[in-house]
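Q: As numbered in the working numbering, the sequence shown has no gaps in its residue numbers, which increase by one up to the final residue, 183.
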Amino acid sequence: MKLNTLILSSSILGSAILGSLWATGAQADTLRHAQRHSFQTEVTRTAGNRSLHRYTEQVAGKHQFQRSTDIVTGSGKTASRKIQGKYDAASKTYTRTMESTRPNGDTVSSVRETTKTDDGFVRTQTRTNADGQVASKEVVVSVDHENKVQTKNVEATGYHGKSYSASVTRSFDQGGDE
6 MKLNTLILSS
16 SILGSAILGS
26 LWATGAQADT
36 LRHAQRHSFQ
46 TEVTRTAGNR
56 SLHRYTEQVA
66 GKHQFQRSTD
76 IVTGSGKTAS
86 RKIQGKYDAA
96 SKTYTRTMES
106 TRPNGDTVSS
116 VRETTKTDDG
126 FVRTQTRTNA
136 DGQVASKEVV
146 VSVDHENKVQ
156 TKNVEATGYH
166 GKSYSASVTR
176 SFDQGGDE
């Protein structure tokens with residue numbers, strides 16, 4: 006697996022996991038009580054004449070963390086990624102930033118903000134690719150507890166300006182889409 010694919014896969018998986026934790030207001034409340042921990046890892050892998058060395062350090066505090074990962078291949082190519090997350094209790098907003106440099110020197114970045122609302126949450130995200138193009142997405146989720154209905158609206162614009170939108174309504178009683 007190519008290093009770029011590995012980095013992208015890890016980022017997507019982490020986003021999916023974090024995104025699924027914020028699916029409902031009750032889950033968002035629970036997430037605030039979960040604390041990240043500080044750690045360091047250093048891994049070297051060798052297969053035949055190929056090697057990869059990865060060093061990761063995470064520093065965590067109350068409502069915030071910073072994690073940096075540096076990768077060096079046996080041929081001397083390097084890649085890095087820095088992720089910061091912070092929760093502001095006053096505004097009920099979690100902000101996550103990511104900056105990454107690929108082995109070819111390209112840089113990419115993203116900023117995601119998730120704000121809890123009275124009936125759900127709003128998540129905005131912007132991503133900047135290696136060519137400096139920006140893509141954006143806004144997701145608004147609201148939950149009508151009385152009628153047991155969840156509504157999710159998505160508005161997005163891709164790197165080349167193409168826009169799309171989607172809306173999904175789910176019923177709690179039926180456990181599926183309406």
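Beta carbons are placed, not taken as given, at the ideal position from N, Cα and C, and that holds for glycine.
Does the beta-carbon distance from Val-48 to Arg-55 come in below 7 Å?
A: Going by beta carbons, Val-48 and Arg-55 fall outside the 7 Å limit.
Q: Tell me where the beta strand (DSSP E) around Glu-104 begins and ends.
A: 98-106 is the extent of the beta strand (DSSP E) around Glu-104.
Q: According to the neighbour-count rule (16 or more other Cβ atoms, all chains shown, within 10 Å of its Cβ), is Trp-173 buried or exposed?
A: Checking the sequence, you will find Val at residue 173 rather than Trp. Counting every other CB atom within 10 Å of its CB across the protein chains shown gives Val-173 a total below 16, marking it as exposed.
Q: Kindly indicate which three-state DSSP category Ala-171 falls into: helix, strand or coil?
A: Assigned with DSSP and collapsed to three states, Ala-171 falls in strand.
Q: Do Lys-97 and Lys-121 have their C-beta atoms within less than 7 Å of each other?
A: yes
Q: Could you name the residues that DSSP lists as bridge partners for His-58?
A: Thr-49 and Val-77
Q: Along the beta strand (DSSP E) that carries Asp-93, what are the first and last residues, could you check?
A: 83-93
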